[in-house]
Structure formats: structure tokens, C-alpha cells
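A.B. asks: Here's a structure for you.
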Amino acid sequence: MSVFSHIEFDHHEQVVFGHDQASGLKAIIAIHNSNLGPALGGCRMWAYANDEEALRDVLRLSRGMSYKSALAQLPLGGGKAVIIGDPHSGKSEALFQAMGDFVNSLGGRYITAADSGTGVAEMQIMAERTRHVAGAGQREAFGGGLRNGDPSPSTAYGVFIGIQAAVKQRLGRDNLRGLRVAIQGAGQVGFDLARQLKAAGAELWVSDIVEANVRRAVEQLGATAVTQQEIFGLDVDVFAPCAMGGIINRQTLEALRAPIIAGAANNQLADAGLAEELRRRGCLYAPDYAINAGGIIDVCYERTGGSAAQLKAHIEGIGATLQQIFQRAEQEGRTTVEIADRLAEERLRR
Ligand code: NAD
27 MSVFSHIEFD HHEQVVFGHD QASGLKAIIA IHNSNLGPAL GGCRMWAYAN DEEALRDVLR
87 LSRGMSYKSA LAQLPLGGGK AVIIGDPHSG KSEALFQAMG DFVNSLGGRY ITAADSGTGV
147 AEMQIMAERT RHVAGAGQRE AFGGGLRNGD PSPSTAYGVF IGIQAAVKQR LGRDNLRGLR
207 VAIQGAGQVG FDLARQLKAA GAELWVSDIV EANVRRAVEQ LGATAVTQQE IFGLDVDVFA
267 PCAMGGIINR QTLEALRAPI IAGAANNQLA DAGLAEELRR RGCLYAPDYA INAGGIIDVC
327 YERTGGSAAQ LKAHIEGIGA TLQQIFQRAE QEGRTTVEIA DRLAEERLRR
């Protein structure tokens, strides 16, 4: 397994392999870039087929975090951690304590947070061993009162703001009344996004592989349930991917009719060439790492201690960032992904 010559290496500053025999921990922490501050990124637990797959994932994800934080104007660098193990059967208190020690050994150069396969409970265990962990404590909620450290509501709010910006740019509309939105994945982010869209007067279509999640959206929000296949071909204004990555691919592209793609999922485009294909077809794509930055902004404010009002205002800045990306892309005849990457790289170099 190569590291320095790995195709995803991209000048990573530090890649550390951690092992704890007693708990069975096998983990990798990757720090891509710390020009703007300590590297912050989630800790993913996944049953990787082999070490190579885990390395590839952590390198790709940590680079993505550098870009996401830079674009969101946060004083943070990009990093990520992966634990090699089954999140359904492989968790133990000892494992996450050992992971906490591993994170702590980097002395704050890397700050961890929840990701696929981990959540608030795991962050709380790691917090017993390190202070370089986010999302373990309670936070002030936007509407007053307290909430736990789950950043999903902030992610959903940022996507909602991003959809408003995309609708203004592509459809020339200032409000979402009667807007038709298809949401793929009605989980933590997708459902909360659906709730906000409904309150703004939008009409919703929802698909999820978990029947109960679909039912909740139908019963509580009046959404129309559609199958996993149907969601792509609907005659809607916005397609909001809020499930998993790679869902815009050569097959789904043929079915897609929405003039806007704007959702929370990470790595939505299966390959880089699809951004140009979407542009050619007149489909406005909100780059995923720009529109879904609400979660990392939330986590950053937990560290820096900003108020809920300041956090909300910062998340609302996602709208202005997207507007800038959309307008530059149109003026220069380039894809929104190229412009977002360029903006992030300019900030990273600064
Ligand atoms: P989640 O697991 O709560 O929700 C995902 C939902 O998608 C689940 O209900 C799942 O059943 C559903 N799903 C899975 N495969 C599907 C398919 N083929 N078709 C339809 N539905 C499917 O996750 P989440 O926290 O809501 O995150 C959603 C996406 O947003 C993920 O890609 C995540 O990486 C990304 N994201 C989340 C956050 C956050 O703060 N939670 C931040 C940034 C990015």
C-alpha cells in the first residue's frame, strides 16, 4: 500500500495509523492542510474491505474538508479519521476510548467529530480522553433552549438557504411558494430540510429505503412518497440529494429533469466530468461541499463559543457564497464545481 504516491495523497501534511491491541482499534487520521487552522473533520466508522480502501477514503475526505472549511470562511484546516470496523457490530466503549487517546496524541492538530457510523454517544466517550472532539456537549438551539451536539439541523438550514439562492439564480424567484422539490433520503438532514421547505410553501416528493422515514414525511409534512427509481425522473424544480454520494451518474443523469440540483449529500457527482454535462444541459448544480457546510460551521462555533445568532448568520452566508459561485460560473461559462474549487484554493493559499 503506497501512501506518498497514492493517487489521493494531494500533499497531505500528516497521515497517522493508529492501533490498539486491547480494544482492536485500527484507525487512520489524515491531516490534509492546516494553513487556516487545526484540521477538523468527522470520524467515520466503516467495514472497509481492506486497509487500502480505508486509506483512500480518509485521504479523499480530509482533502474535501480543507475545501469545505475554506469556502465556508472558517479558521479550520481539513482532516478526517476512519475506524476500520463494522459500525453495527464492532463498537465498544474501549474502542472509542482508544480512539480518543489516538486523537489526543496529535495534540490538537486534528479535532474529531461525528460522521457516518458515529454519533453523539461516541463523541462523548472520546471526550473522556481528549478535548479535541466536537459535538459531545449541549448547545444553544436557534429557537432558544438547549440541543445536543448533532450538527444536522445546521446542515439542513444551510441547504435550505442554498436552495433559495439556487432558485433565485436559475428560476428568478424570490420565494419558495409552490416550488416542487424531490428529496432523496428523509433522514436527519433530509427530513429537517423537508420541514423547512414545507413551511416556506414548497410541494414535496420523498424517497427513502427506510419505510418509516418516508411515512414520517408523508404523515407530518404531506409529502408524496415515490420509489427509489421514480425520484430521479420527476417533473420538479429541485432535486435534493440527501442520502448518499455518487448518485448523479451517467444512468441517473438521463432520467433527471430538475433544472436545479441542491442537497446535503457529500460527493454527489460520480465523476468530475458530470459537472460539465450538467452545465451543458442547463442544470444548476450547487456544489455539495459549499451547500452542506452548515454542519462544519456548527461544529466550529461549538469550539469558538459563538452564539446561536452568530452561528445562524454564518450559515446564512452559504447563500452569498453560492450566489457568487453561480454568477461567476455563468459569466465565465464554467462549471459551478470549477468555480467553487478555485475560490476554496484561493482562500487556502492566503
Ligand atoms: P441519515 O443517515 O440520517 O439520512 C440518510 C437517509 O438516506 C436515511 O434515511 C437512509 O435510509 C436514506 N437512504 C440511503 N440510501 C438511500 C437510497 N438509495 N434512496 C433513498 N434514500 C436512501 O444521514 P444524514 O445525517 O441525514 O446525512 C445525509 C447526507 O448528507 C449524507 O450523505 C451525509 O454525508 C451528508 N451530510 C450530512 C451532514 C450532517 O450534518 N448530518 C453534514 C454534511 C453532509
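All letters in the sequence shown, in the order written, are residues 27 to 376 by our numbering. Quick reminder that beta carbons are idealized off the backbone N, C-alpha and C, glycines included.
Can you find at least 3 beta carbon pairs, one from the region 369–376 and one from the region 210–217, that sit closer than 8 Å?
C.D. replies: Because the criterion of three Cβ pairs below 8 Å is not met, the region 369–376 and the region 210–217 do not touch.
A.B. asks: CB of C268 to nearest heavy atom of ligand 1: below 7 Å?
C.D. replies: Translated into positions along the sequence shown, residue 268 becomes position 242. Because some heavy atom of ligand 1 lies under 7 Å away, the Cβ of C268 counts as near it: yes.
A.B. asks: For N59, name the three-state secondary structure that DSSP assigns.
C.D. replies: Residue mapping note: residue 59 aligns to position 33 of the sequence shown, counting from 1. In this structure, N59 counts as strand in the three-state DSSP scheme.
A.B. asks: Examine chain C for any beta-carbon lying closer than 8 Å to the beta-carbon of G299, and answer yes or no.
C.D. replies: Here chain C cannot be found, since the structure has a single protein chain.
A.B. asks: Can you tell me the Cβ-Cβ gap for I54 and A73, rounded? I've got them flagged as a contact below 8 Å.
C.D. replies: The sequence position of residue 54 within the sequence shown is 28, counting from 1. The sequence position of residue 73 within the sequence shown is 47, counting from 1. About 15 Å separates the two Cβ atoms, so there is no contact after all.
A.B. asks: Quick check: the Cα distance between E342 and A335, rounded to an integer number of angstroms?
C.D. replies: Position 316 of the sequence shown, counted from the start, is the residue given in the question as residue 342. Position 309 of the sequence shown, counted from the start, is the residue given in the question as residue 335. Roughly 11 Å separates the two Cα atoms.
A.B. asks: Between G50 and ligand 1, is there a pair consisting of the residue's CB and a ligand heavy atom that are separated by less than 7 Å?
C.D. replies: Counting from one through the sequence shown, the residue named residue 50 turns up at place 24. No; taking the cut-off as 7 Å, the Cβ of G50 has no heavy atom of ligand 1 nearer than that.
A.B. asks: Is the CB-CB distance between A319 and L66 below 8 Å?
C.D. replies: In the sequence shown, the residue the question calls residue 319 occupies position 293. In the sequence shown, the residue the question calls residue 66 occupies position 40. Cβ distance not < 8 Å, so A319 and L66 don't count as in contact.
A.B. asks: Grouping DSSP H, G and I as helix and E and B as strand, with all else coil, what is S178?
C.D. replies: To locate residue 178, count along the sequence shown from 1; it is residue 152. Looking at S178 - three-state DSSP - the assignment turns out to be helix.
A.B. asks: Please state whether DSSP places T361 in a helix, a strand or coil.
C.D. replies: By one-based count along the sequence shown, residue 361 stands at place 335. T361 falls in the coil class under three-state DSSP.
A.B. asks: Fully enclosed by the region 196–258, which alpha helix (DSSP H) runs are 4 residues long or longer?
C.D. replies: With a minimum length of 4 residues, the continuous alpha helix (DSSP H) runs that stay inside the region 196–258 are 214–225, 237–247.
A.B. asks: Tell me whether D77 counts as near ligand 1, meaning its Cβ is closer than 7 Å to at least one heavy atom of that ligand.
C.D. replies: The count along the sequence shown starts at 1 and reaches residue 77 at position 51. No, since every heavy atom of ligand 1 falls outside the 7 Å radius drawn around the Cβ of D77.
A.B. asks: L197 to I187, Cα distance in whole Å?
C.D. replies: Stepping through the sequence shown from its first residue, residue 197 is reached at position 171. Stepping through the sequence shown from its first residue, residue 187 is reached at position 161. Whole-angstrom Cα-Cα distance: 15 Å.
A.B. asks: With 16 as the cutoff for other CB atoms within 10 Å, does P101 come out buried or exposed?
C.D. replies: Counted from its first residue, the sequence shown places residue 101 at position 75. Exposed, since its Cβ has fewer than 16 Cβ neighbours within 10 Å.
A.B. asks: For ligand 1, is there any heavy atom lying closer than 7 Å to the beta carbon of I235?
C.D. replies: Here residue 235 corresponds to residue number 209 of the sequence shown, with the count starting at 1. Yes, ligand 1 has a heavy atom inside 7 Å of this Cβ.
A.B. asks: Using CA coordinates, which residue listed in G321, A120, V252, I151 is at the minimum distance from A291?
C.D. replies: Here residue 291 refers to the residue found at position 265 of the sequence shown. Checking every option, the nearest Cα to that of A291 belongs to G321.
A.B. asks: Provide the residue span of the beta strand (DSSP E) that contains D46, from first to last.
C.D. replies: By one-based count along the sequence shown, residue 46 stands at place 20. D46 -> beta strand (DSSP E) spans 40–46.
A.B. asks: Following the continuous alpha helix (DSSP H) through C326, name the residue where it begins and the one where it ends.
C.D. replies: Mapped onto the sequence shown, residue 326 falls at position 300. Unbroken alpha helix (DSSP H) run through C326: 320–330.
A.B. asks: When you compare only the Cα positions, how much space is there between Y93 and E39?
C.D. replies: As a working note, residue 93 is residue 67 in the sequence shown. As a working note, residue 39 is residue 13 in the sequence shown. Looking at the two C-alpha atoms, the distance is approximately 15 Å.
A.B. asks: List the endpoints of the continuous beta strand (DSSP E) containing K106.
C.D. replies: For this step, residue 106 is matched to residue 80 along the sequence shown. Looking at the DSSP string, the run of the beta strand (DSSP E) that includes K106 is 103–110.
A.B. asks: Quick check on this structure: which residue in R173, L300, F128 has the alpha carbon closest to the alpha carbon of Q25?
C.D. replies: The structure shown does not extend to residue 25, since the chain is modelled only from 27 through 376, so no value can be given for it.
A.B. asks: Put L279 into one of helix, strand or coil per three-state DSSP.
C.D. replies: In the sequence shown, the residue the question calls residue 279 occupies position 253. Reduced to three states, the DSSP call for L279 is helix.
A.B. asks: On the criterion of 16 or more Cβ atoms from any shown chain inside 10 Å, does V29 qualify as buried, or is it exposed?
C.D. replies: Taking the first residue of the sequence shown as 1, we reach residue 29 at position 3. V29 is exposed by the Cβ-count criterion.
A.B. asks: So what does DSSP say about E356, is it helix, strand or coil?
C.D. replies: Here residue 356 corresponds to residue number 330 of the sequence shown, with the count starting at 1. DSSP places E356 in helix when its eight states are reduced to three.
A.B. asks: Can you tell me where the alpha helix (DSSP H) holding I317 begins and where it ends?
C.D. replies: For this step, residue 317 is matched to residue 291 along the sequence shown. Its alpha helix (DSSP H) spans residues 314–317.
A.B. asks: Comparing alpha-carbon positions, which option in G345, L172, D127 lies nearest R157?
C.D. replies: Locating residue 157 in the sequence shown gives position 131, where the first residue counts as 1. R157 has its Cα closest to that of D127, out of G345, L172, D127.
A.B. asks: Should S178 be labelled buried (16 or more other beta-carbon atoms within 10 Å of its own) or exposed?
C.D. replies: The residue you call residue 178 lines up with position 152 of the sequence shown. Its Cβ being crowded by 16 or more others within 10 Å, S178 is buried.
A.B. asks: So, is A139 buried or exposed, given that buried needs 16 or more other C-beta atoms within 10 angstroms?
C.D. replies: Here residue 139 refers to the residue found at position 113 when the sequence shown is read from its first residue. A139 comes out buried.
A.B. asks: Helix, strand or coil for L374 per DSSP?
C.D. replies: The count along the sequence shown starts at 1 and reaches residue 374 at position 348. Here L374 sits in helix by DSSP.
A.B. asks: Kindly indicate which residue of N293, I235, R360 has the alpha-carbon position closest to the one of E303.
C.D. replies: The count along the sequence shown starts at 1 and reaches residue 303 at position 277. Ranking the options by Cα distance to E303, first place goes to R360.
A.B. asks: Quick check: the Cα distance between I57 and L247, rounded to an integer number of angstroms?
C.D. replies: Stepping through the sequence shown from its first residue, residue 57 is reached at position 31. Stepping through the sequence shown from its first residue, residue 247 is reached at position 221. One C-alpha to the other measures close to 41 Å.
A.B. asks: Exposed or buried, what is D36 when buried is set at 16 or more other beta-carbons lying within 10 Å of its beta-carbon?
C.D. replies: Along the sequence shown, one-based indexing puts residue 36 at 10. Exposed is the call here.
A.B. asks: Who are the near neighbours of E382 in its chain, counting only those whose CB is closer than 6 Å to its CB and skipping five residues on each side?
C.D. replies: Lying before the first or after the last residue shown, residue 382 is absent from the chain, which here runs from 27 to 376.
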